[in-house]
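Asks:
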Amino acid sequence: MTDFLSGIPGPVALIAGVLVLFAESGLVIGVFLPGTGTVLALGWLAGQGVAPVWLAAVCAASATALGCQHGFYRGRRGSLLRRELVKRLGEQRFERLVSALDSRAEVTVSVSQCFAAVRTLVPRLAARTRMTHLRFTLCNLPVAITWATTLVLLGAWSGDAYERVEAIAGLAGLPVVGIAAAVALTVWWLRRRSRLSA
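Here this note's numbering is used: the first residue of the sequence shown is 34, the next is one more, and so on.
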């Protein structure tokens, strides 16, 4: 991987990184794109002197934050994602999902920035809640900047251990996602059981 990356000119790498990161956080197709790996790759290239580290961090943070803003905007206007979720879940379940997100929107928006796929979907779902654009930005922007800057620096400092760092960074979120999913399923099951017994 590092052999491939080292052959990419700095401006091309930055432009490609910005496009991938914007799409990863702002377009529905982003659930299939490698956000964490892209930011680490930009950092690694910066560490090799291809581009300044500060510029790689600014590009990564800006592209991610702008992508999330675009996702929120698209969610407000109604989107393909909403139609797909309604089709798969049904209108009532979709509204329950939005209502659950609404009650803890700030935490969800902030934490979602650190996880692939979720980073793409949450801004669109948050737009369907009572969350204002200002509240969304205040929750998302600091975390997007911190996330991108941390990964760029990690990539820049990784050197020969780039592949190992990329693998660890990509898997770091899995335990948290697993725990969150288990908690969500438990809460759902307990609520359903209490409704049935009432």
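Note that the Cβ used here is the ideal one computed from N, Cα and C, for glycine as well.
Do you know offhand how far L99's Cα is from L187's?
Replies: Position 66 of the sequence shown, counting from 1, holds the residue named residue 99. Position 154 of the sequence shown, counting from 1, holds the residue named residue 187. C-alpha separation (whole angstroms): 22 Å.
Asks: Helix, strand or coil, according to DSSP, for V83 in the structure here?
Replies: The residue labelled residue 83 in the question sits at position 50 within the sequence shown. If DSSP states are grouped into helix, strand and coil, V83 belongs with coil.
Asks: For L60, which three-state DSSP category applies?
Replies: Taking the first residue of the sequence shown as 1, we reach residue 60 at position 27. Note: L60 maps to coil in three-state DSSP.
Asks: Between which two residues does the alpha helix (DSSP H) harbouring T170 extend?
Replies: Residue 170 sits at position 137 when you count from the first residue of the sequence shown. It spans 166–191 - the alpha helix (DSSP H) in which T170 sits, taken as one unbroken run.
Asks: Among the candidates A160, T182, L52, whose CA atom is the shortest distance from the CA of R110?
Replies: Along the sequence shown, one-based indexing puts residue 110 at 77. For the residues A160, T182, L52, the minimum Cα distance to R110 belongs to A160.
Asks: Could you check whether the segment 65–82 touches the segment 161–177, counting it as contact only if at least three pairs of C-beta atoms, one from each stretch, sit closer than 8 Å?
Replies: No: the two stretches stay apart, fewer than three of their Cβ pairs being nearer than 8 Å.
Asks: Could you tell me the boundaries of the alpha helix (DSSP H) in which A268 lies?
Replies: Not covered by the structure: residue 268. The range shown for the chain is 34 to 231.
Asks: What span of residues does the alpha helix (DSSP H) with T141 cover, start to end?
Replies: The residue given as residue 141 occupies position 108 in the sequence shown. It spans 138–145 - the alpha helix (DSSP H) in which T141 sits, taken as one unbroken run.
Asks: Counting C-beta neighbours from all protein chains within 10 Å, is the total for V209 16 or more, i.e. buried, or is it exposed?
Replies: Stepping through the sequence shown from its first residue, residue 209 is reached at position 176. Here V209 scores only 44 on pLDDT, less than 50, and its place in the model is too uncertain to base an answer on.
Asks: Please name the residue, chosen from V45, T141, G70, that lies closest to E57 on a Cα-to-Cα basis.
Replies: Sequence index remark: in the sequence shown, residue 57 carries index 24 (1-based). Closest by alpha carbon: G70.
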